[in-house]
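Visitor: In my numbering, the protein residues as written are 747 to 1010. All C-beta atoms, glycine included, are put in the ideal place defined by N, C-alpha and C. The structure is given below, and queries will be raised subsequently.
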Amino acid sequence: MNQDQHNSDYSSGIISVLVDVMSEVEDPLKPRNSLLTVGVSKYSRSQVIAKRALYKRKPAGTVAAATAVTNKTVEVKGAKNGGTRTIAASKAPRFYAAEDVAVPKKNRKHAGVAKLRNTIVPGTVLILLAGRYRGKRVVFLKQLESGLLLVSGPFKINGVPLKRVNQAYVIATSTKVDIDASKIDAQLNDAYFARPKAAKKAATEEAFFEGEKKKEPLAENKVALQKSTDKVILEAINKVEHLRQYLSAKFSLSKGQAPHALKF
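So, in structure tokens, the structure goes:
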């Protein structure tokens, strides 16, 4: 055996010993109590207290709450007035409401636009979970200023018109329609869906016995906007095979199907 081979064997032996020693040293950042499974820890609460020696720590003393000052002593001039007098620290109100007035609580919450889920992008096919059209598949167009989602069936395929939905009540699928968001009309905003306020009329006996009110037809401009929007979506749908049939089919679960185990 030559000198070089002896040195290499010696060096490899030292490295193997160091690796064994380092493997036995516990990681200081590793938690003492690991999880056996979700919600089940390896050690109990009392075992963790014993391992961390928390019983040696002295409990922090409680600070006594400061008592509110209700009275104060003031100096009174005059030889026959006693020199000092004890009065209330703050003057009581001279007026008391005859009835209890509700005082609104302070609210530090501010209304903001909901953040759009990263699985929802323009053209994503969504499944509605609530409302009149629950179970229907729709195409997502854009998010409005209110945070609601603007979707359409399209109406010609499954009867779902342009409508606003909350993203909490939709399932985002992996299917996407290649639509150009710039072609969506700018008129489609929250004001578009606002109901027109009808003029108030005095209640009369004749109006009471008229029965059900006649349903007013949809405005012509809204019908035209629905058709122009659906035209953009249909052009993209017709390029993909079986996508039209997929959107027209209603989503439902069969016996034995678990929704959390499905890939949408």
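Could you tell me the boundaries of the alpha helix (DSSP H) in which SER793 lies?
Guide: Along the sequence shown, one-based indexing puts residue 793 at 47. Sequence inspection shows Gln at residue 793; the Ser mentioned does not correspond to that position. 791 to 798 is the span of the alpha helix (DSSP H), which, as asked, contains GLN793.
Visitor: Does any C-beta atom of chain B lie closer than 8 Å to the C-beta of ALA806?
Guide: Chain labels in this structure do not include chain B; a single protein chain is all it has.
Visitor: Please name the residue in PHE901, LEU800, ARG854, THR865 whose C-alpha comes closest to that of ALA914.
Guide: The sequence position of residue 914 within the sequence shown is 168, counting from 1. Among PHE901, LEU800, ARG854, THR865, the Cα nearest to that of ALA914 is on THR865.
Visitor: So for ARG803, helix, strand or coil by DSSP?
Guide: In the sequence shown, counting from the first residue as 1, residue 803 sits at position 57. Note: ARG803 maps to coil in three-state DSSP.
Visitor: Give the single residue among TYR801, VAL923, ARG854, ARG863 whose Cα lies nearest to the Cα of VAL885.
Guide: Position 139 of the sequence shown, counted from the first residue, corresponds to residue 885. Comparing Cα positions, the closest option is VAL923.
Visitor: Using only the alpha-carbon positions, how far apart do PRO774 and SER780 sit?
Guide: Taking the sequence shown and counting its residues from 1, the one referred to as residue 774 is at position 28. Taking the sequence shown and counting its residues from 1, the one referred to as residue 780 is at position 34. Looking at the backbone, the Cα of PRO774 and that of SER780 are separated by about 14 Å.
Visitor: Output the boundary residues of the alpha helix (DSSP H) element that contains VAL969.
Guide: As a position in the sequence shown, residue 969 is number 223, starting the count at 1. Start and end: 966 to 983.
Visitor: Verify whether the separation of the beta carbon atoms of VAL871 and ARG883 is less than 8 Å.
Guide: Here residue 871 corresponds to residue number 125 of the sequence shown, with the count starting at 1. Here residue 883 corresponds to residue number 137 of the sequence shown, with the count starting at 1. In contact: VAL871 and ARG883 (Cβ atoms closer than 8 Å).
Visitor: Please confirm if the region 946 to 958 is in contact with the region 902 to 918, defined as three or more CB-CB distances below 8 Å between the two stretches.
Guide: no
Visitor: In whole angstroms, give me the CA-to-CA distance for ALA838 and VAL897.
Guide: On the sequence shown, residue 838 is found 92 positions in, with the first residue counted as 1. On the sequence shown, residue 897 is found 151 positions in, with the first residue counted as 1. Spanning the two alpha carbons is a distance of roughly 60 Å.
Visitor: For ILE795, does the count of other Cβ atoms within 10 angstroms reach 16, so buried, or fall short, so exposed?
Guide: One-based indexing of the sequence shown puts residue 795 at position 49. Looking at its Cβ environment, which holds fewer than 16 other Cβ atoms inside 10 Å, ILE795 is exposed.
Visitor: Helix, strand or coil, according to DSSP, for ALA857 in the structure here?
Guide: Sequence index remark: in the sequence shown, residue 857 carries index 111 (1-based). Three-state DSSP puts ALA857 in coil, outside helix and strand.
Visitor: What is the C-beta distance between ILE917 and LEU875, in whole angstroms, given that I count them as a contact (C-beta under 8 Å)?
Guide: Translated into the one-based positions of the sequence shown, residue 917 becomes position 171. Translated into the one-based positions of the sequence shown, residue 875 becomes position 129. Contact between ILE917 and LEU875 holds, with the beta-carbon distance rounding to 7 Å and staying under 8 Å.
Visitor: Buried or exposed for ASP936, going by 16 or more other Cβ atoms inside 10 Å?
Guide: Position 190 of the sequence shown, counting from 1, holds the residue named residue 936. Exposed.
Visitor: Please work out which residues of its chain come closer than 6 Å, Cβ to Cβ, to VAL815, disregarding the five sequence neighbours upstream and downstream, and give them in chain order.
Guide: As a working note, residue 815 is residue 69 in the sequence shown. If we look at VAL815 and ignore the five residues flanking it on each side, its Cβ neighbours are ALA835.
Visitor: Which complete beta strand (DSSP E) runs does the region 811 to 855 hold, if anything under 3 residues is left out?
Guide: 817 to 821, 830 to 834
Visitor: So, at 6 Å on beta carbons, what are the nonlocal neighbours of TYR789 in its own chain, with the 5 sequence-adjacent residues on each side left out?
Guide: Walking along the sequence shown from the start, residue 789 turns up at place 43. In its chain, beyond the 5 residues on either side, ASN779 have a beta carbon closer than 6 Å to the beta carbon of TYR789.
Visitor: Considering only residues of the same chain and omitting the five flanking positions on each side of SER998, which have a CB-CB separation below 7 Å?
Guide: By 1-based counting over the sequence shown, the position of residue 998 is 252. The answer, listed in chain order, is GLY881.
Visitor: Please state whether the Cβ-Cβ distance between VAL820 and ILE833 is less than 8 Å.
Guide: For this step, residue 820 is matched to residue 74 along the sequence shown. For this step, residue 833 is matched to residue 87 along the sequence shown. Yes.
Visitor: Considering only the beta carbon of each residue, do LEU980 and PRO900 sit closer than 8 Å?
Guide: Position 234 of the sequence shown holds residue 980. Position 154 of the sequence shown holds residue 900. Going by C-beta atoms, LEU980 is nearer than 8 Å to PRO900.
Visitor: How many Å lie between ASN817 and ARG831 at the Cα?
Guide: To locate residue 817, count along the sequence shown from 1; it is residue 71. To locate residue 831, count along the sequence shown from 1; it is residue 85. Each residue's Cα considered, the two are about 10 Å apart.
Visitor: Assign ILE866 to one of three DSSP states: helix, strand, or coil.
Guide: Working through the sequence shown from its first residue, we reach residue 866 at position 120. Note: ILE866 maps to coil in three-state DSSP.
Visitor: For ARG941, which option in LEU895, ALA810, GLU962, ALA843 has the closest C-alpha, if you only look at C-alpha atoms?
Guide: As a first step, residue 941 is located in the sequence shown; it is residue number 195 there, counting from the start. The residue among LEU895, ALA810, GLU962, ALA843 with its C-alpha nearest the C-alpha of ARG941 is GLU962.
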